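Structure, as structure tokens:
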Amino acid sequence: MTGGPFVLSDELRQATNRLRDAGIEGSATDARLLIAAAAGLSREDMLYDPDLKLSPDQKTRAETMIHRRADREPVSRILGRREFYGLSFEVTPVTLDPRPDSEVIVEAAIDYALCMGGKPTVLDIGTGTGCLLLSTLEALPEAIGTGTDIDPEAVAAACRNAHSLGCASRVKFQTSDWLSGVQGRFDIVLSNPPYIPSGDIANLAPEVSQYDPWSALDGGSDGLDAYRVLADRIPETLAPSGIALMEIGAGQADDVTGLFSAAGWHILENRADLAGHDRCLVFARKTAPHWLTHPPPKKGVGNRMNPD
Ligand code: GLN
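Using the working numbering, the first residue of the sequence shown is number 5, and each one after it goes up by one.
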């Protein structure tokens, strides 16, 4: 590369314009994150040293990343990491990119776990990065867990995340089709299964339709295939007074509740995400003990934001 010097503030402005022209919302934020990562600069460098000069190598790396983002690749996939529930997760091409909406599953799991005495065994079906299970375990130091995924590369990524978060001694990941080969009975079974109707996937934002693994999105013709399997099979691995927490997509609460009810489950709670959408359904067996017929107080969000 010739020319220069490459001044940070100029590079930021050009990158922001390029992303804005490509139709990227939040173009300034994305430009800042990507240039910082490409150039190895801190947030402070970016904010307080706009005259800083980038080397030709730094500029080339930044341009490559900005180009990828302009092609609608999400920042998390370009950087290979995503923050979820305040923790950092490695994201790979075979794992779903963790979504803030899914944090409500973790919060609910923690609330119910505390009601159970804080030491539950937890099974996460279709674990991807492991974000749901590992965030839950991280908040419950005496809990232990198992995560399954049909893709061995996702299992490997989840294992790496467990190691980097310091949870590896309390968690086991296994390659499994839903819950085949899973041993034992769990107090809490959770899942964020694929739930997008097949015909709707192509209409999602390119960040999703082109970069999330199809198998992590595709819920069959009506989006409910996974719930049919899970409603029938989770009892094989659930403790008698255990609970199942299911993430659901827009408008699926009634259908999924109906499927679970027909399979012998009782709905305990329907929790909304921070945007107010039904997101997390909590089920117990119809024969579960009485205490389980009332949801516990919601503490997950409060615990995380305000420790008291
Ligand atoms: N459990 C993972 C997540 O919520 C993966 C879910 C999936 O692949 N559908 O991110």
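Backbone N, C-alpha and C define an ideal beta-carbon position, used for all residues, glycine too.
Given the structure is predicted, the values throughout are model-derived calculations rather than measurements.
>> Assuming the contact rule is C-beta atoms closer than 8 Å, G132 and T99 should be a hit. Round their C-beta distance to whole Å, please.
In response: As a working note, residue 132 is residue 128 in the sequence shown. As a working note, residue 99 is residue 95 in the sequence shown. About 4 Å separates the two Cβ atoms, so the contact holds.
> Per DSSP, what kind of secondary structure is Y52 in: helix, strand or coil?
Replying inline: Locating residue 52 in the sequence shown gives position 48, where the first residue counts as 1. If DSSP states are grouped into helix, strand and coil, Y52 belongs with the helices.
> Helix, strand or coil for R86 per DSSP?
Replying inline: If you number the sequence shown from 1, residue 86 lands on position 82. Reduced to three states, the DSSP call for R86 is strand.
> I think S80 touches D101, with their Cβ atoms under 8 Å apart; what is that distance to the nearest whole Å?
Replying inline: Position 76 of the sequence shown holds residue 80. Position 97 of the sequence shown holds residue 101. Right, the Cβ-Cβ distance comes to about 5 Å (below 8 Å), so this counts as a contact.
>> Going by the DSSP bridge assignment, what does K176 pair with across the sheet?
In response: Along the sequence shown, one-based indexing puts residue 176 at 172. According to DSSP, which records beta bridges pairwise, K176 is partnered with T150.
>> Buried or exposed, going by whether 16 or more other CB atoms sit within 10 Å of the CB of E146?
In response: Position 142 of the sequence shown holds residue 146. Label assigned to E146: exposed.
> The alpha helix (DSSP H) with I114 in it runs from where to where?
Replying inline: Here residue 114 is taken as the residue at index 110 of the sequence shown, counted from 1. 107-119 is the span of the alpha helix (DSSP H), which, as asked, contains I114.
> Under a three-way DSSP split, which group does S168 fall into?
Replying inline: Here residue 168 is taken as the residue at index 164 of the sequence shown, counted from 1. S168 falls in the helix class under three-state DSSP.
> Going along the chain, which residues of its own chain have a beta-carbon closer than 8 Å to the beta-carbon of S180, five neighbours each way excluded?
Replying inline: For the purposes of this step, residue 180 is taken as the residue at position 176 of the sequence shown. Within the same chain, S180 has close Cβ partners T152, D153, I154, V186.
> Would A257 pass as a contact of L234 if the rule is Cβ separation under 8 Å?
Replying inline: Reading the sequence shown from its first residue, position 253 is the one you call residue 257. Reading the sequence shown from its first residue, position 230 is the one you call residue 234. Taking 8 Å as the Cβ cut-off, A257 and L234 do not qualify as a contacting pair.
>> Alpha carbons only, please: which of R73, T140, R47, D53 is nearest the one belonging to S13?
In response: Translated into positions along the sequence shown, residue 13 becomes position 9. Comparing Cα positions, the closest option is D53.
>> For a quick check, are the C-beta atoms of I252 and F287 less than 8 Å apart?
In response: Along the sequence shown, read from residue 1 onward, the residue named residue 252 stands at position 248. Along the sequence shown, read from residue 1 onward, the residue named residue 287 stands at position 283. Going by C-beta atoms, I252 is not nearer than 8 Å to F287.
> Is W182 helix, strand or coil by DSSP?
Replying inline: The residue you call residue 182 lines up with position 178 of the sequence shown. Coil.
> Can you tell me whether DSSP reads R65 as helix, strand or coil?
Replying inline: Along the sequence shown, read from residue 1 onward, the residue named residue 65 stands at position 61. Reduced to three states, the DSSP call for R65 is helix.
>> I want to check one thing, is the minimum distance from the CB of D222 to the heavy atoms of the ligand GLN below 7 Å?
In response: Residue 222 sits at position 218 when you count from the first residue of the sequence shown. Not so, every heavy atom of the ligand GLN lies at least 7 Å from the Cβ.
> What's the C-alpha gap between V193 and G255?
Replying inline: Sequence index remark: in the sequence shown, residue 193 carries index 189 (1-based). Sequence index remark: in the sequence shown, residue 255 carries index 251 (1-based). In a straight line, the C-alpha of V193 is about 22 Å away from that of G255.
> T261 by DSSP, collapsed to three states: which one?
Replying inline: Numbered from 1 along the sequence shown, position 257 holds the residue referred to as residue 261. Three-state result, T261: helix.
> Considering only C-alpha positions, which residue in the set Q62, S139, R283, R189 is nearest to S92?
Replying inline: Here residue 92 refers to the residue found at position 88 when the sequence shown is read from its first residue. Among Q62, S139, R283, R189, the Cα nearest to that of S92 is on S139.
>> Output needed for K57: all residues of its chain with C-beta closer than 8 Å, excluding positions within five of it in sequence on either side, in chain order.
In response: Mapped onto the sequence shown, residue 57 falls at position 53. Once the five neighbours on either side are set aside, the close Cβ partners of K57 are G8, P9, F10, V11, L12.
> Are three or more beta carbon pairs between the stretch 36-50 and the stretch 68-77 nearer than 8 Å?
Replying inline: yes
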